[in-house]
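In this text, residue positions in the sequence shown follow this note's numbering: the first is 21, and each later residue adds one. Taking it in order: structure first as structure tokens, then the write-up.
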Amino acid sequence: MINSLILRLLKSSTTPSFWSQSALTVLRVCIGVTMVHNGMDKLGDISSFAEAYVKVIGLPFPIFFSYVAAFTELIGAPLLAIGFLARPAAFGLFSTMCVAMYHHILVAGFSIPYLELSVVYASCFLFLTVNGPGLFSVDTLILNWLDSNALSAKAKQIMNLERASNLDVSDKSAAVGK
Numbered sequence: 021m022i023n024s025l026i027l028r029l030l031k032s033s034t035t036p037s038f039w040s041q042s043a044l045t046v047l048r049v050c051i052g053v054t055m056v057h058n059g060m061d062k063l064g065d066i067s068s069f070a071e072a073y074v075k076v077i078g079l080p081f082p083i084f085f086s087y088v089a090a091f092t093e094l095i096g097a098p099l100l101a102i103g104f105l106a107r108p109a110a111f112g113l114f115s116t117m118c119v120a121m122y123h124h125i126l127v128a129g130f131s132i133p134y135l136e137l138s139v140v141y142a143s144c145f146l147f148l149t150v151n152g153p154g155l156f157s158v159d160t161l162i163l164n165w166l167d168s169n170a171l172s173a174k175a176k177q178i179m180n181l182e183r184a185s186n187l188d189v190s191d192k193s194a195a196v197g198k
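Printed below as a string of structure tokens:
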């Protein structure tokens with residue numbers, strides 16, 4: 021029994037399940053919602069942001085690139101949260117965080133307190149760029165609407181996910197009974 025518990029703790033989940041898709045949705049929504057304020061802060065005083073951040077790293081047209089960063093965050097983050105055009109939105113946000121990490125390294129070197137938040141954001145955005153928004157997203161709804169074969173496949177996939185989560189519970193109770 022202890023052996024199976026240890027194996028379950030160490031084993032990575034490689035097949036999508038209801039719970040992994042739910043966790044992906046929670047990650048996507050949380051990271052999208054919390055990112056919006058960064059864009060609002062930039063727009064609050066765009067010239068100060070351009071002077072303190074964009075000009076420091078040597079990008080041309082600092083005001084222009086400050087607006088690009090602000091609107092990427094203001095538009096991309098809500099799109100990511102609802103899962104609409106999620107991969108392009110996540111890639112844009114990932115790019116913005118790469119520039120932020122570059123700025124932090126130039127200003128403070130490899131100082132964890134300065135890099136910490138932008139590294140966490142960048143990692144999440146890269147994950148979402150590579151893996152997509154998951155089954156519980158507007159992108160999946162649109163895909164299902166556009167492709168009638170995908171609709172039945174996705175519906176079956178969701179039903180299988182629900183069955184798998186129920187089987188996981190049954191497996192656990194069966195393992196405890198052995």
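Glycine is no exception: its CB is placed at the ideal position from the N, C-alpha and C atoms. Computed from a prediction, not measured in an experiment: that's the story for all the values here.
Residue from the options whose Cα sits closest to the Cα of residue i
i: residue 44; options: 155, 166 and 72; result: 155
i: residue 112; options: 90, 96, 104 and 57; result: 96
i: residue 118; options: 101, 141 and 167; result: 141
i: residue 87; options: 76, 36 and 69; result: 69
i: residue 106; options: 126, 77, 121 and 147; result: 147
i: residue 137; options: 151, 104, 150 and 120; result: 120
Burial state of residue i (16 or more Cβ within 10 Å)
i: residue 8; result: Given a span of 21 to 198 for the chain in the structure shown, any question on residue 8 remains unanswerable.
i: residue 128; result: exposed
i: residue 50; result: exposed
i: residue 153; result: buried
i: residue 48; result: buried
i: residue 74; result: buried
i: residue 58; result: buried
i: residue 130; result: exposed
i: residue 82; result: buried
i: residue 196; result: Note that residue 196 scores a pLDDT of 48, beneath 50, so its modelled location is shaky; the value from the coordinates is reported in the next line. Per the 10 Å Cβ criterion, exposed.
Rounded C-alpha distance that separates residue i from residue j
i: residue 71; j: residue 109; result: 26 angstroms
i: residue 133; j: residue 139; result: 10 angstroms
i: residue 159; j: residue 52; result: 15 angstroms
i: residue 40; j: residue 181; result: 9 angstroms
i: residue 126; j: residue 23; result: 48 angstroms
i: residue 28; j: residue 163; result: 33 angstroms
i: residue 77; j: residue 123; result: 6 angstroms
i: residue 31; j: residue 102; result: 30 angstroms
Which runs of the alpha helix (DSSP H), 4 residues or longer, sit entirely within the stretch 127-166?
Counting whole runs of 4 or more residues, the stretch 127-166 contains the alpha helix (DSSP H) stretches 132-151 and 158-166.
Please give the ranges of any alpha helix (DSSP H) in the stretch 76-119, keeping only runs that are unbroken, at least 4 residues long and fully inside the region.
82-102
Take every Cβ of the stretch 85-94, pair it with every Cβ of the stretch 54-69, and state whether three or more of those distances are shorter than 8 angstroms.
yes
Taking only runs that begin and end inside the stretch 35-83, name each unbroken alpha helix (DSSP H) of 4 or more residues, in chain order.
38-64 and 66-69
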